[in-house]
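As they're listed, the protein sequences go chains A and B. The opening position of the first sequence corresponds to residue 2 in this note's numbering, with each subsequent residue numbered one higher. The opening position of the second sequence corresponds to residue -5 in this note's numbering, with each subsequent residue numbered one higher. Contents: one structure, followed by commentary.
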Amino acid sequence: MPQIQIPSPLRQYSGKQASINVAASTVGEALADLVTRHPDLKRHLYTEDGKLRSFVNVYVNDEDMRYLQKEGTAVQDGDTISIVPSIAGGIF
Amino acid sequence: MSTLAEVNPAAVLSNDEILRYSRHLIMPEVGMEGQQKLKAAKVLCIGAGGLGSPLALYLTAAGVGTLGIVDFDVVDYTNLQRQIIHTTNDVGRKKLDSAAEKLKAINPFLNLHTFETKLTSTNALELFREFDIVADGTDNFPTRYLVNDACVLTGKPNVYGSIFRFEGQASVFATEDGPCYRCLYPEPPPPGLVPSCAEGGVLGILPGLVGVIQATETIKLILGQGDPLVGRLLLVDALGMKFRELKLRKNPDCPVCGTHRTIAGLIDYDQFCGIRGQEEPAGNDIPAISVEDLKRKLDAKADVFILDVREPHEYQICNLNGYLIPVGDLPKRVSELDSSREIVAHCKMGGRSAKAVNFLRRAGFTKVYNLTGGITAWAERIDTKMPKY
């Protein structure tokens, strides 16, 4: 199964899990499976009309899916899908 | 790097400097030529905080000739857990004064320029033009986009670092052929969808790790040695002690560095990012109670149920003996509350508890109030022995 890496700011919505195995053959299916299991993640990853948010980057292994086939990018066993949101530790 | 000056004949080393930099000079990757490049280099550090501390300390020790620091903050006790350039005796001093003293003590040959100002859209371009490389140690979204755009517009490499809890990111943006921060993230996250102070915090060593990576990249750029972190995003996970690397590409559609640029000058970055405070201020329509009124009620033995909506680890630091339900758990635990009683909800500053009061009001609770200023106000005005955090 492909594995999704959850970054620490979003782990509060994934039952504190850092990585989650998903049943999927594409990145889109993997993310859909993820938000089905953890519905609280949905609004952090998707806009209200169902598009991935622009400040959430998704990588398949070390490649940005925007430069692959986006959510149609094929994934297989052993692939790592990483959600990489922009982070900032500072307060204004 | 094309942006860096060729060895400046004025950067000839004195005998004292030759002794000081001996361990660099005997290494072929640095040598006399490299050390002179370091001496001729001008690096601007944005911020003298968590990332800026190791950055400035190491760049100074390594012999970077000219260092600029932009900061307008004052040292406070909560800084000392990670901002290692400042000491306990510096609390209350300007960070610039405190940093300058340490840097001059480490290396009297340093040519230090301090800028006691907030970096803004009106001063950034002029400031950046005087330097070769910009190292961003501020770590908030408006400044990050400002630094990125100003680096692209002035053609200065942007040595980037960012930290959150126990994870960090580092890269080198805005080199001539490399991607910029906007290629990676065209827009900042909207306020409200980013972690608030409730989930914030940072492991004290993490800015050390990431700041030293920034210092390393800065020195490599100056020397023109090794493989810079251009087109690569380094992810640091201190808990797992794992370093991963992702590929970054220059986005042809990037609004600031792409082929059809739409941003030709600096913009209002607070507006672009949506200013947010430590916590969202409570709305005016949310019924509230002051810490003084709560104290009077408690002293009069009135029936008041205190609901603490912070996280369990915050409760351990200090509490009002309240009933703990973290704000995120409130929807599924609302049945634990008695709507017939008067409820006063509080958090650290009043932001999360305002959300909780709003939620409970909509759920049909009528006697629920937000404690204005949270437990921090209680510690400041009612029980001054209580720790503040």
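Note that beta-carbon positions come from the ideal geometry of N, C-alpha and C, so glycine has one too. All values derive from a computational prediction rather than experimental measurement.
Quick one: Cα of residue i to Cα of residue j, how far?
i	j	result
Lys112/B	Pro222/B	29 Å
Gly218/B	Ala19/A	38 Å
Thr74/A	Phe66/B	47 Å
Lys236/B	Lys361/B	50 Å
Cys267/B	Val24/B	41 Å
Thr169/B	Leu227/B	14 Å
Ile376/B	Ser284/B	11 Å
Thr82/B	Leu233/B	28 Å
Leu140/B	Tyr263/B	6 Å
Glu211/B	Leu45/B	13 Å
Ala294/B	Gly368/B	21 Å
Arg290/B	Pro40/A	43 Å
Thr114/B	Val250/B	17 Å
Val153/B	Glu336/B	53 Å
Gln29/B	Ala35/B	10 Å
Thr37/A	Asp287/B	45 Å
Glu330/B	Ile319/B	9 Å
Ile40/B	Arg87/B	18 Å
Tyr47/A	Arg138/B	24 Å
Tyr71/B	Thr378/B	17 Å
Lys150/B	Tyr383/B	38 Å
Arg355/B	Glu305/B	21 Å
Gly194/B	Pro136/B	18 Å
Lys17/A	Val85/B	36 Å
Ala192/B	Gln13/A	The predicted model places Ala192/B with a pLDDT of 47, which falls under 50 and marks its position as unreliable, so this point remains unresolved.
Val146/B	His45/A	30 Å
Glu11/B	Ile199/B	31 Å
Phe359/B	Ala296/B	19 Å
Assuming residue i is part of the beta strand (DSSP E), what are its boundary residues?
i	result
Lys241/B	Lys236 to Lys241
Ile63/B	Thr60 to Val64
Ser83/A	Thr81 to Pro86
Arg226/B	Arg226 to Asp231
Tyr60/A	Val57 to Val61
Ile5/A	Gln4 to Gln6
Under 7 Å, do residue i and residue j count as touching if we go by C-beta distance?
i	j	result
Ile88/A	Ile5/A	no
Asn134/B	Cys177/B	no
Lys241/B	Asp63/A	yes
Leu229/B	Arg238/B	yes
Ile79/B	Ala94/B	no
Ala357/B	Ala350/B	no
Tyr175/B	Asn142/B	yes
Leu49/B	Gly131/B	yes
Lys96/B	Val69/B	no
Gly316/B	Leu292/B	no
Ala55/B	Ile100/B	yes
Arg159/B	Ser9/A	yes
Phe172/B	Gly225/B	The sequence shown places Gly at residue 172/B, rather than the Phe named in the question. It is a contact, given that the beta carbons lie within the stated cut-off.
Thr116/B	Ile63/B	no
Leu106/B	Ala144/B	no
Residue i lies in the alpha helix (DSSP H); which residues open and close that run?
i	result
Glu336/B	Run containing Glu336/B: none in the alpha helix (DSSP H); it sits in the beta strand (DSSP E), Glu336 to His340.
Leu13/B	Asn9 to Arg14
Gly368/B	Gly368 to Arg375
Asp264/B	Tyr263 to Cys267
Ile207/B	Leu200 to Leu217
Lys291/B	Val285 to Asp293
Tyr175/B	Tyr175 to Leu178
At a CB-CB cut-off below 8 Å, which residues of chain D make contact with residue i?
i	result
Tyr179/B	Reference to chain D is not applicable here, since the protein chains of this structure are A and B.
Round the Cβ separation of residue i and residue j to the nearest angstrom and send it over; I've been treating them as touching at under 8 Å.
i	j	result
Phe384/B	Asp323/B	What the structure shows of chain B is the stretch from -5 to 383, and residue 384/B is not part of that stretch, so it cannot be assessed.
Leu7/B	Lys33/B	7 Å
Leu53/A	Leu11/A	Contact flag wrong, Cβ pair sits at about 13 Å.
Asn364/B	Ala282/B	5 Å
Gly345/B	Thr366/B	The Cβ separation is near 11 Å, so there is no contact.
Leu215/B	Val166/B	7 Å
Gln77/B	Gly43/B	5 Å
Val321/B	Val303/B	4 Å
Ile157/B	Pro201/B	6 Å
Phe125/B	Leu38/B	4 Å
Thr370/B	Lys342/B	6 Å
Leu13/B	Leu61/B	Incorrect: roughly 21 Å between the Cβ atoms, too far for contact.
Asn58/A	Asp65/A	6 Å
Gly155/B	Gly205/B	6 Å
Suppose only complete runs of 3+ residues qualify. What are the beta strand (DSSP E) ranges in the stretch 78 to 165 of chain B, listed by chain order?
Correct list: 105 to 109, 127 to 130 and 152 to 158.
Enumerated in chain order, which unbroken segments of the alpha helix (DSSP H) with a length of 4 residues or greater are wholly contained in the stretch 16 to 45 of chain B?
If one requires a minimum length of 4 residues, the alpha helix (DSSP H) runs lying completely within the stretch 16 to 45 of chain B are 16 to 19 and 25 to 34, in chain order.
Please go through the stretch 301 to 369 of chain B and give each complete alpha helix (DSSP H) segment of 4 or more residues, from N-terminal end onward.
Segments of the alpha helix (DSSP H) lying fully in the stretch 301 to 369 of chain B: 306 to 311, 324 to 327 and 345 to 356.
In the stretch 23 to 53 of chain A, which residue ranges form an unbroken beta strand (DSSP E) of at least 3 residues, counting only runs that do not cross its ends?
If we require 3 residues or more, the stretch 23 to 53 of chain A turns out to have no beta strand (DSSP E) run fully inside it.
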